[in-house]
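In what follows, a structure is listed as structure tokens, so that the remarks can point back to it.
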Amino acid sequence: MKRFFLSLVVGVTALLSANAQEYKVITSVESIVPSGLGRSRLISANEEKDYQEYTSVQTEEDNTRNKSDRKDIRVKNFEETKLLNFFNLGGIRFQNIAANDALITSKINTMISEGWELAFVTSAVESAGGKGDANGIFITRYIFKR
């Protein structure tokens, strides 16, 4: 009976461990600033943060604030891969886009070879959009799981 119980506990533990998933986010930030003045990068954090350390609870009766300082949120251990800007003095540079695609593909292939699976991709463009606006970024988040 003890062996059965022990086997059951080990089996359930193994099953729960097999179902545990880990996620990792890689972000590309590509400048859409004319004249090539922007900065474009592929960013990957090499350390983990617990969001609960920086989360506060807001209720009508209680306004509990987290005592963590904003500077503690910063990640100082990360990979930064240089990418090329979408524009240069001559306008849009399709060669730059192709070069960025090659670097991002290399990163994705490396992650897959390390056992990660590309689960989701989401992107957005940010720009003020006002008269004469010359600022903006194209951001893409690649969400991997294993």
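For what it's worth, the numbering used here labels the leading residue of the sequence shown as 1, then goes sequentially.
Even for Gly, the Cβ is constructed at its ideal location relative to N, Cα and C.
task = Look at the alpha carbon of L42 and the alpha carbon of E61, and state the distance between them as a whole number of angstroms.
result = Position 42 of the sequence shown, counted from the start, is the residue given in the question as residue 42. Position 61 of the sequence shown, counted from the start, is the residue given in the question as residue 61. Near 43 angstroms, if we compare the C-alpha coordinates of E61 and L42.
inquiry  = Cutting at 6 angstroms between CB atoms, please list the residues of its own chain near T27, excluding the five before and the five after it.
reply    = Residue numbering aside, residue 27 sits at position 27 when the sequence shown is read from its first letter. Here the set comprises I43 and R141.
Segment limits, alpha helix (DSSP H) that includes S106 = The sequence position of residue 106 within the sequence shown is 106, counting from 1. Run containing S106: F94 to S113, per the alpha helix (DSSP H) assignment.
task = Return the CA-CA distance between N46 and T59, expressed in angstroms with no decimal places.
result = For the purposes of this step, residue 46 is taken as residue 46 along the sequence shown, with counting starting at 1. For the purposes of this step, residue 59 is taken as residue 59 along the sequence shown, with counting starting at 1. Their Cα atoms are separated by approximately 34 angstroms.
inquiry  = Can you tell me whether S35 is helix, strand or coil according to DSSP?
reply    = Within the sequence shown, residue 35 is the residue found at index 35, counting from 1. It is helical.
request  = Could you tell me how far apart the beta carbons of S123 and I139 are, in whole angstroms, since I believe they sit closer than 8 angstroms?
outcome  = Your numbering for residue 123 matches position 123 in the sequence shown. Your numbering for residue 139 matches position 139 in the sequence shown. That pair is a contact at about 6 angstroms.
ask   = So, is the C-beta of K145 closer than 8 angstroms to a C-beta in chain E?
value = Protein chain content of the structure displayed is limited to a single chain, and chain E is not contained in it.
inquiry  = Rounding to the nearest angstrom, what Cα-Cα distance links F120 and V25 in this structure?
reply    = Taking the sequence shown and counting its residues from 1, one reaches residue 120 at position 120. Taking the sequence shown and counting its residues from 1, one reaches residue 25 at position 25. So the alpha carbons of these two residues sit roughly 10 angstroms apart.
inquiry  = Please report the straight-line C-alpha distance between Y23 and K131, rounded to a whole angstrom.
reply    = For the purposes of this step, residue 23 is taken as residue 23 along the sequence shown, with counting starting at 1. For the purposes of this step, residue 131 is taken as residue 131 along the sequence shown, with counting starting at 1. Approximately 40 angstroms, taken between the alpha carbons.
message = So, with DSSP's three-state summary, where would you put Q58?
response = Residue 58 sits at position 58 when you count from the first residue of the sequence shown. Of the three classes helix, strand and coil, the one that applies to Q58 here is strand, per DSSP.
message = In whole angstroms, give me the CA-to-CA distance for L37 and D101.
response = Your numbering for residue 37 matches position 37 in the sequence shown. Your numbering for residue 101 matches position 101 in the sequence shown. Going from the Cα of L37 to the Cα of D101 covers about 20 angstroms.
task = Just tell me which of G91, K71 and V75 has its CA closest to the CA of V33.
result = In the sequence shown, counting from the first residue as 1, residue 33 sits at position 33. Measuring from the Cα of V33, the nearest candidate turns out to be G91.
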